[in-house]
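First the structure, in the form of structure tokens, and then the observations on it.
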Amino acid sequence: MNTEKIEKDIQHMSIPQTLEYFARLHPGQVAFSSSLGQEDQVLTDIIARNKVGVNIFTIDTGRLFPETYELIQVTEARYNKHIEVYFPDVINVEALVKEHGINCFYESVDLRKKCCHVRKVIPLRRALQDVKVWVTGLRASQSDNRNDMKAVQWDSTYNVIKYNPLLNWEMEDVLKYIREKTVPYNPLHDKRFLSIGCASCTRAVLPGEDIRAGRWWWESSKKECGLHAPVVDFQI
């Protein structure tokens, strides 16, 4: 896949125009994965406001905050657009809990990654099964692991074009858009939950801490769940 040509094609386009470009290139096969974070809500607003043919989906791990579930409903009502929800396989979750315990992710990095694999990565595989272009809300400044990402890249793990339209946005850009367009967002952000995942694995961030310090705060790992990294298959 010649992603360099695509980048050249879209380099002078606005974000709505780039999304429309992909929608025309692969009609019905462009999907945006939203975790309902502030960046994701910006992209949802752009997609809905411009009536772009991009499907939106999210992954319900089964351990999300109540505020996140409420935001799904609020967002669908605001934009009159359905958000497809994918769930982990109940057999895999039951096997994980039976073997390692309900809160096994606190015990080791490997077990935490196994939990993420079961609850996030496997459902993502299903969500991207018939997708040609995967749109994300990733920003380069979110973590060191994302500095080397490109706006358009080939993802060999899922065999899709991965498009990160907000890659070069700063947090100030995101917040400005939210204010100007009155975009609905998770109220936990106002309580210093800067990056929100599962309720069991997210805490508020203290002043001066990194934006992702509240995710898996008990670890000293690179703090990725595996959705945006080469997949390591775990024995379920």
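Residue 0 is where the sequence shown starts when you use numbering that gives the first Met the number 0, and the numbers rise one by one after that.
Where is the CB? At the ideal position from N, CA and C, for every residue including glycine.
Same chain, Cβ closer than 8 Å to residue i, five either side skipped, listed in chain order
| i | result |
| --- | --- |
| Glu218 | Val108 and Arg111 |
| Tyr85 | Phe56, Thr57, Ile58, Asp59, Pro122, Leu123, Arg125 and Ala126 |
| His81 | Ile55 and Glu75 |
Reference residue i; option with closest CA among the options
| i | options | result |
| --- | --- | --- |
| Gly36 | Ile210, Trp216 and Arg125 | Ile210 |
| Tyr176 | Ile45, Val29 and Lys80 | Ile45 |
| Cys114 | Arg125, Leu127 and His99 | His99 |
| Leu63 | Arg77, Asn54 and Ser34 | Ser34 |
| Pro15 | Asn49, Tyr68, Asn185 and Thr156 | Asn49 |
| Asn79 | Asn54, Trp215, Leu95 and Cys197 | Asn54 |
Range of the contiguous alpha helix (DSSP H) that encloses residue i
| i | result |
| --- | --- |
| Ala47 | Gln37 to Arg48 |
| Ile82 | Not the alpha helix (DSSP H): Ile82 falls in the beta strand (DSSP E), residues Ile82 to Tyr85. |
| Asp88 | Premise fails: Asp88 is in no alpha helix (DSSP H) and is neither H nor E. |
| Cys115 | Val108 to Cys115 |
| Ile23 | Looking at the sequence provided, one finds Arg at residue 23 rather than Ile. Taken as a continuous stretch (DSSP letters only), the alpha helix (DSSP H) holding Arg23 covers Ile14 to Leu24. |
| Val173 | Met170 to Lys180 |
Test item: CB-CB of residue i and residue j under 7 Å
| i | j | result |
| --- | --- | --- |
| His25 | Val151 | no |
| Val173 | Glu66 | no |
| Val51 | Glu19 | yes |
| Val96 | Pro183 | no |
| Asn163 | Thr201 | no |
| Trp153 | Thr43 | no |
Limits of the unbroken beta strand (DSSP E) element including residue i
| i | result |
| --- | --- |
| Asn54 | Asn54 to Ile58 |
| Ile160 | Val159 to Tyr162 |
| Ala198 | No beta strand (DSSP E) contains Ala198, which DSSP labels as neither H nor E. |
| Asp129 | Here Asp129 belongs to no beta strand (DSSP E), and DSSP marks it neither H nor E. |
| Asp8 | From DSSP, Asp8 is part of no beta strand (DSSP E) but of the alpha helix (DSSP H) over Thr2 to Ile9. |
| Asp154 | Val151 to Asp154 |
| Phe31 | Val29 to Ser32 |
Proximal residues to residue i (C-beta, below 6 Å), its chain only, five neighbours per side dropped
| i | result |
| --- | --- |
| Arg118 | Thr60 and Pro87 |
| Val231 | Annotation note: pLDDT 47 at Val231 (below 50); position unreliable, coordinate value reported separately. Nothing meets the Cβ criterion. |
Closer than 6 Å: residue i CB and nearest the ligand NAD heavy atom
| i | result |
| --- | --- |
| Phe192 | Because no ligand of any kind appears in the structure shown, any question about the ligand NAD cannot be addressed here. |
Own chain partners of residue i with C-beta closer than 7 Å, once the 5 adjacent residues on each side are dropped
| i | result |
| --- | --- |
| Ile9 | Thr17 and Tyr20 |
| Leu193 | Val204, Ile210 and Gly213 |
Any chain B beta carbon closer than 7 Å to residue i
| i | result |
| --- | --- |
| Gly36 | No chain B appears in the structure shown, which is made up of a single protein chain. |
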